[in-house]
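S.K.:
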């Protein structure tokens with residue numbers, strides 16, 4: 001079932017391209033840089049995406065780097081994934097990405113370094129402590145897939 005949500009957006013930079021789905025097909029939406037940025041290797045910076053948003057009630061925004069961000073710019077998003085909840089909804093709650101430069105780099109306005117999607121809040125979780133899970137062990141998350 002297709003669910004529809006309305007995301008209110010305030011653009012802070014006139015030159016910034018408007019939000020749209022990646023290639024019109026993906027569930028993810030590109031985030032573009034709203035300023036020209038020059039970074040030296042090892043430098044950390046919050047980079048402005050130039051937008052403020054009002055996320056629909058019951059949703060949150062997940063922000064991750066584009067898969068080409070490291071290849072093209074040598075940058076890493078330091079928190080690996082950002083979560084923006086619906087309380088960041090003011091005119092000046094501008095979206096930023098926390099970036100670490102792994103090499104000297106130049107990033108320009110409208111370069112695509114991030115992407116986001118809206119997700120419904122997770123349901124209320126009730127924690128039930130048990131002595132056994134009664135399932136087969138696989139070795140634990142992060143231990144499988146050796147070459």
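Residue numbers (full-length UniProt numbering): 1 to 147. We put the beta carbon where it would ideally sit given N, CA and C, even for glycine.
Give the C-beta separation of residue 111 and residue 33 to the nearest angstrom, bearing in mind that I take them to be a contact with Cβ-Cβ under 8 Å.
M.R.: Right, their Cβ atoms sit about 5 Å apart.
S.K.: With DSSP run on the structure shown, which of helix, strand or coil describes residue 34?
M.R.: In this structure, residue 34 counts as coil in the three-state DSSP scheme.
S.K.: Candidates 25, 41, 51, 31: which alpha carbon is nearest residue 8's?
M.R.: For the residues 25, 41, 51, 31, the minimum Cα distance to residue 8 belongs to 51.
S.K.: Ordered along the chain, which non-local residues of its own chain (more than five positions away) have a Cβ less than 8 Å from that of residue 35?
M.R.: Once the five neighbours on either side are set aside, the close Cβ partners of residue 35 are 13, 47, 48, 50, 109.
S.K.: Just to check my reading of the structure: residue 69 and residue 113 have Cβ atoms closer than 8 Å, yes? What is that Cβ distance to the nearest angstrom?
M.R.: So it is a contact: roughly 5 Å between Cβ atoms.
S.K.: Counting along the chain, where does the beta strand (DSSP E) carrying residue 59 start and finish?
M.R.: Note, residue 59: beta strand (DSSP E), 59-65.
S.K.: Am I right that residue 41 and residue 101 are in contact with their C-beta atoms under 8 Å? What's the rounded C-beta distance?
M.R.: Right, the Cβ-Cβ distance comes to about 6 Å (below 8 Å), so this counts as a contact.
S.K.: To which residues of the same chain is residue 75 closer than 8 Å at the C-beta, ignoring the five residues directly before and after it?
M.R.: 39, 65, 69, 99, 100, 101, 102, 105, 107, 113, listed in sequence order.
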